[in-house]
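Participant: What follows is a single structure, and I will ask about it in a moment.
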Amino acid sequence: MALDPDLSDYLIAPDPTAARLTRGVRGVDQDGAETHMQVVEERPLTIYLNRQEIVTAMTIGDYPEYLALGFLRNQRMLRPDDEITRVDYDEELETVVVRTARQTDYEDKMRRKTRTSGCAVGTVFGDMMEGLDEVRLPQTPVTTSALYALSARINRTPSLYLAAGAIHGTVLCQDDRALVYMEDVGRHNAVDKIAGWMLAERVGGADKILYTTGRLTSEMVIKTAMMGIPVLASRSGFTAWGVEIARKVGLTLIGRLKGRRFICLSGEERLLRDMDPASVAEEPRRSGRKGEA
343 MALDPDLSDY LIAPDPTAAR LTRGVRGVDQ DGAETHMQVV EERPLTIYLN
393 RQEIVTAMTI GDYPEYLALG FLRNQRMLRP DDEITRVDYD EELETVVVRT
443 ARQTDYEDKM RRKTRTSGCA VGTVFGDMME GLDEVRLPQT PVTTSALYAL
493 SARINRTPSL YLAAGAIHGT VLCQDDRALV YMEDVGRHNA VDKIAGWMLA
543 ERVGGADKIL YTTGRLTSEM VIKTAMMGIP VLASRSGFTA WGVEIARKVG
593 LTLIGRLKGR RFICLSGEER LLRDMDPASV AEEPRRSGRK GEA
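What follows is the structure in structure tokens.
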């Protein structure tokens, strides 16, 4: 699948050439021949909410302010009506401090942690299902033509994954347009960056689609629902709990989206089948992007 270098329609697009995101290393292949390749960097980022240290995340290091805001929002440590007074990033100390007008104390919540299936060890604090009963996702329709267009567009976009691998991508979309494309070593980090951008830019989720390269797990479903986004799609597959939660909150869950094929396991009522799948080209067996685990 040929790459499309035109990124003009993206508000934020991957930059696989950014110096701090990868490192060149030397190795040998199966025949003992010397080889050189780029590998993804990992670095710690410690997130504070006011005076309280919340978590240290392993990340590639881009968009740290969005990552911090999105993480805190998705953990329900930032409320929708919170006034965020400052966000301070210290590159040398590898810390982000998010400051709010409201005094915060999440000591009890932080004692209750759940390790998730996210790469780079995802962690959520407190009850994972907290707040889901209040979620009311809009019945915004999604056309199959938009899904096919997004899949083709995203998979032709130059990315860090295609340059170095070992990374996940998450893309905020509207209709058939890809808007914001974030990557990180963990899909939970990538979606938190999207959430942070939406919070900072005051962008709502009612008319959006979230696309991820990774598995459709409970964590991904919960975060998508809490962001108010009614549709979550992926090239990859599902977990049973992810499907169960999607059905509980009424989220449209679409997986195995490759070429003309996809499977919808929740929220089919939003799908408008406006395109004959037979008119969509099958994805080459050796395409540029593989379905990620």
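Going by the working numbering, the sequence shown opens with residue 343, and the numbers climb by one from there. For each residue, glycine too, the CB sits at the ideal point set by N, CA and C. No experiment lies behind these values; they were computed from the predicted model shown.
Buried or exposed, going by whether 16 or more other CB atoms sit within 10 Å of the CB of Thr401?
Facilitator: Looking at its Cβ environment, which holds 16 or more other Cβ atoms inside 10 Å, Thr401 is buried.
Participant: How is Thr377 classed by DSSP in three states: helix, strand or coil?
Facilitator: Note: Thr377 maps to strand in three-state DSSP.
Participant: Going by CA-CA distance only, name the one from Tyr448, Gln394, Val522, Thr437 that's closest to Trp539.
Facilitator: The candidate whose alpha carbon is nearest that of Trp539 is Val522.
Participant: To which residues does DSSP link Met400 through a beta bridge?
Facilitator: DSSP output for Met400 lists Pro386 as bridge partner(s).
Participant: Excluding the 5 residues preceding and the 5 following Glu625 in the sequence, name in chain order all residues of the same chain whose CB lies nearer than 6 Å to its CB.
Facilitator: Counting only Cβ-Cβ distances below 6 Å, and skipping sequence neighbours, we find Lys600, Gly601.
Participant: Applying the 10 Å Cβ sphere with the 16-neighbour rule, what's the burial state of Arg544?
Facilitator: Answer is exposed; the Cβ neighbour count stays below 16.
Participant: Compare the C-alpha of Val513 against each of Ile587, Arg589, Met562 and name the closest.
Facilitator: Checking every option, the nearest Cα to that of Val513 belongs to Met562.
Participant: What is the DSSP secondary structure of Gln372, reduced to helix, strand or coil?
Facilitator: If DSSP states are grouped into helix, strand and coil, Gln372 belongs with coil.
Participant: Grab the span of the alpha helix (DSSP H) containing Ile587 for me, first residue to last.
Facilitator: Its alpha helix (DSSP H) spans residues 582–591.
Participant: Go ahead and label Arg603 buried or exposed: buried means 16 or more other beta carbons lie within 10 angstroms of its beta carbon, across all protein chains shown.
Facilitator: That one is exposed.
Participant: According to DSSP, simplified to helix, strand and coil, what is Lys550?
Facilitator: Three-state result, Lys550: coil.
Participant: Along the alpha helix (DSSP H) that carries Asp534, what are the first and last residues, could you check?
Facilitator: Looking at the DSSP string, the run of the alpha helix (DSSP H) that includes Asp534 is 529–543.
Participant: Closer than 8 Å, CB to CB, is Leu502 near chain B or not?
Facilitator: Here there is only one protein chain, and chain B is not present.
Participant: Between the C-alpha atoms of Asp616 and Ala488, what's the straight-line distance to the nearest angstrom?
Facilitator: Their Cα atoms are separated by approximately 9 Å.
Participant: Going along the chain, which residues of its own chain have a beta-carbon closer than 6 Å to the beta-carbon of Asp526, five neighbours each way excluded?
Facilitator: Correct list, in chain order: Thr401, Ile402, Ala532.
Participant: Please state whether DSSP places Asp348 in a helix, a strand or coil.
Facilitator: It is coil, neither helix nor strand.
Participant: Give me the residue from Ile605, Val381, Arg519, Ile551 with the minimum Cα distance to Leu349.
Facilitator: Checked all of Ile605, Val381, Arg519, Ile551; the closest Cα to Leu349 is Arg519.
Participant: Considering only the beta carbon of each residue, do Ala567 and Thr364 sit closer than 8 Å?
Facilitator: Going by C-beta atoms, Ala567 is not nearer than 8 Å to Thr364.
Participant: Looking at C-beta atoms only, is the number of pairs between the stretch 416–425 and the stretch 361–375 that lie closer than 8 Å three or more?
Facilitator: No, because fewer than three Cβ pairs between the stretch 416–425 and the stretch 361–375 fall closer than 8 Å, the two stretches do not touch.
Participant: Anyone know if the C-beta pair for Val440 and Leu479 falls short of 8 Å?
Facilitator: Not closer than 8 Å, so no.
Participant: If we ignore side chains and look at the alpha-carbon of each, how far apart do Tyr408 and Leu541 end up?
Facilitator: One C-alpha to the other measures close to 8 Å.
Participant: Leaving out five residues before and five after Arg428 in sequence, what residues of the same chain have Cβ atoms less than 7 Å from its Cβ?
Facilitator: Once the five neighbours on either side are set aside, the close Cβ partners of Arg428 are Arg441.
Participant: Would you mind giving the Cβ-Cβ distance between Gly579 and Gly546, rounded to the nearest angstrom? I have them listed as a contact below 8 Å.
Facilitator: Not really, about 29 Å apart at Cβ, beyond 8 Å.
Participant: Under the DSSP definition of a beta bridge, which residues are partnered with Val573?
Facilitator: Bridge partners of Val573: Ile551, Thr594.
Participant: Between the C-alpha atoms of Arg495 and Cys515, what's the straight-line distance to the nearest angstrom?
Facilitator: Arg495 and Cys515: Cα-Cα distance of roughly 11 Å.
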